[in-house]
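Numbered per this note's numbering, the sequence shown spans residues 1097 to 1467.
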Amino acid sequence: MKKMTLLTVVFVFTFSINAQTAIQEFDFNGTLSNTKNEISFSGKAMFVNDRAGVPNSAIRLSNSYIEAMVLNLPPANSSRTVSIWVKYNDVTKANYIWGYGSLYNARYFGLLQQIATDSKSDLNLAGCGDENDVIVSTAVSSNIWYNYIVTYDGFTSKIYRNGELIKSSISPRKLTSGIVFSIGKKGPSVSINADIDDLKIYDVALSDEQIVTLYKGNSSLITKNVATTSITSVVGETKTVLAVPVTESKIRSSEIYSIKGVKVFASNTNVIDISSILDGTYLLEIANKTQSLADKKISSNLHKMEEAKTVLTVPLTEGGIKSFEIYSPKGAKVFAANASVIDISSIPEGTYSLKIRNTGQSPNDKIISSN
């Protein structure tokens, strides 16, 4: 007779508060003013849905720009951090994301995305002058929200995307000067077609840990309840079974990309097997897939057999069990478990951040913990 132990884990999480306070913050929730209502951008912008789908909570710039006079922008060689969310609507042209200062050697500080070729383009933390620019080639796509955070500590410039460091470079001393902060414009040139949200400016260089907190902390606006996940371990058989509610008969297609944009996995089922994927942070894209009538009948019968539950069988190998976490575009954790297979049937269509690591747990460990 097989012994079975049912372990039910309820994932509860809280968001830590960033210890640093932004000297300027613009959430663009129906206004171009900062959150203290002290200063405001001027120019041509249209209010649109933000990355959570909330109406009039982000702005769209299309061949236009906005500017604000900000008296306390970090000057000269002082430390700084700038965070912003961007969704490109056109990557076939350059996007001048933000910047301030004069267009002279080392006196400018701004971020721009060059024209994309073969799904990649140069992301440039510009300082005017080749020796002052920090450039990294990244995969970029339209209609995906990206969080860009740049830091400078008086010595080193860093660029982060979605909480991950993608470029670090020792920089010449900066001579940044200027009090006009622009979005969509660099000097006299205007070039942007993108949606913008949640601009934050700091007069310190945030640490790696603070960057992650800032990236994830933006999700506090759309905190969601995390569903209970049941995990069943069967003694005597090398398998783990996950039971999660099935929502109708939806079939998802999924693709996983590395932080550099390389596709590492693709599937046209509700199941993602991550056992062969290396530890790290990835981009997970989920979309609805059209089912044929025969497919619907088969999936319907399977649902009846399991009493409206989807059951996943996961082989346990000596390589250990994977731990994974799925985050929304705003950083809200929407699913997590210790298993090598993910059932995405209950996760809404969209783009997510997927974090994978090896728990170091072997099959024998699993059986012992189950007992």
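Note that the Cβ used here is the ideal one computed from N, Cα and C, for glycine as well.
Values in this document were obtained by computation on a predicted structure and should not be read as measured data.
**Prompt:** When the Cα atoms are used, what is the spatial distance from Ser-1129 to Glu-1121?
**Reply:** 9 Å
**Request:** Starting from Glu-1305, follow the beta strand (DSSP E) in both directions and report where the run begins and ends.
**Result:** Taken as a continuous stretch (DSSP letters only), Glu-1305 belongs to no beta strand (DSSP E), being part of the alpha helix (DSSP H) at 1304-1313.
**Request:** Grab me the residues of Lys-1236's own chain with a C-beta within less than 6 Å of its C-beta, minus the 5 sequence neighbours each way, in chain order.
**Result:** Reading off the sequence, residue 1236 comes out as Val, not Lys. Contacts found: Val-1187, Ala-1212 and Ser-1217.
**Message:** Counting beta carbon pairs with one atom in the segment 1139-1156 and one in the segment 1196-1208, are three or more of them shorter than 8 Å?
**Reply:** no
**Request:** Find the nearest neighbour of Val-1150 within the set Gly-1376, Asp-1293, Arg-1257 and Ala-1118, judged by alpha-carbon distance.
**Result:** Asp-1293
**Request:** Could you check the C-alpha separation between Ile-1240 and Ser-1287 for me, to the nearest Å?
**Result:** 19 Å
**Request:** For the segment 1262-1270 and the segment 1134-1141, state whether three or more C-beta atom pairs, one from each stretch, are separated by less than 8 Å.
**Result:** no
**Asked** Looking at the structure shown, is Asn-1228 part of a helix, part of a strand, or coil, going by DSSP?
**Response** helix
**Asked** Hey, how far is the Cα of Ala-1202 from the Cα of Asp-1249?
**Response** 15 Å
**3-residue-minimum beta strand (DSSP E) runs that sit fully inside the segment 1130-1217, ordered along the chain** = 1142-1144, 1154-1158, 1162-1165, 1176-1184, 1191-1197 and 1204-1209
**Request:** Return helix, strand or coil for Ile-1440, following the three-state DSSP convention.
**Result:** coil
**Message:** So, at 6 Å on beta carbons, what are the nonlocal neighbours of Leu-1380 in its own chain, with the 5 sequence-adjacent residues on each side left out?
**Reply:** Ile-1352, Tyr-1448 and Leu-1450
**Request:** Can you say whether Ala-1172 is buried or exposed, counting buried as having 16 or more other CB atoms within 10 angstroms of its CB?
**Result:** exposed
**Prompt:** Span of the beta strand (DSSP E) holding Ile-1275?
**Reply:** Neither: Ile-1275 is in no beta strand (DSSP E) and is coded neither H nor E.
**Asked** Taking Cβ positions, are Lys-1296 and Thr-1177 nearer each other than 9 Å?
**Response** yes
**Request:** Could you name the residues of the same chain whose beta carbon sits closer than 6 Å to that of Thr-1413, not counting the 5 residues immediately before and after it, in chain order?
**Result:** For Thr-1413, the pLDDT reaches just 39, beneath the cut-off of 50, and the residue's location in the model is therefore unreliable, although a value from the coordinates is still provided. Around Thr-1413: no qualifying Cβ.
**Prompt:** Candidates Glu-1421, Val-1300 and Gly-1280: which alpha carbon is nearest Tyr-1192's?
**Reply:** Gly-1280
**Prompt:** Once you ignore the five residues that flank Met-1165 on each side, which residues in its own chain have a CB closer than 7 Å to its CB?
**Reply:** Ile-1135, Ile-1275 and Val-1276
**Prompt:** Are Asp-1369 and Asn-1454 close, meaning C-beta to C-beta below 9 Å?
**Reply:** no
**Alpha-carbon to alpha-carbon, Ser-1158 and Lys-1189** = 11 Å
**Buried versus exposed call for Lys-1429 [16 or more other C-beta atoms within 10 Å across all chains shown]** = buried
**Request:** With a threshold of 16 other CB atoms inside 10 Å of the CB of Ser-1153, please say whether the residue is buried or exposed.
**Result:** buried
**Item:** Distance between Ser-1179 and Lys-1268 (C-alpha atoms, nearest Å)
**Value:** Here residue 1268 turns out to be Pro, not Lys, going by the sequence shown. Whole-angstrom Cα-Cα distance: 22 Å.
**Message:** Buried or exposed for Ser-1433, going by 16 or more other Cβ atoms inside 10 Å?
**Reply:** A small fix is needed here, since residue 1433 is Ala in this sequence, not Ser. Classification of Ala-1433: buried, given that the 10 Å Cβ count is 16 or more.
**Prompt:** Considering only the beta carbon of each residue, do Ala-1222 and Lys-1282 sit closer than 9 Å?
**Reply:** yes
**Request:** Please work out which residues of its chain come closer than 8 Å, Cβ to Cβ, to Ser-1233, disregarding the five sequence neighbours upstream and downstream, and give them in chain order.
**Result:** Lys-1216, Ser-1217, Asp-1218 and Leu-1219
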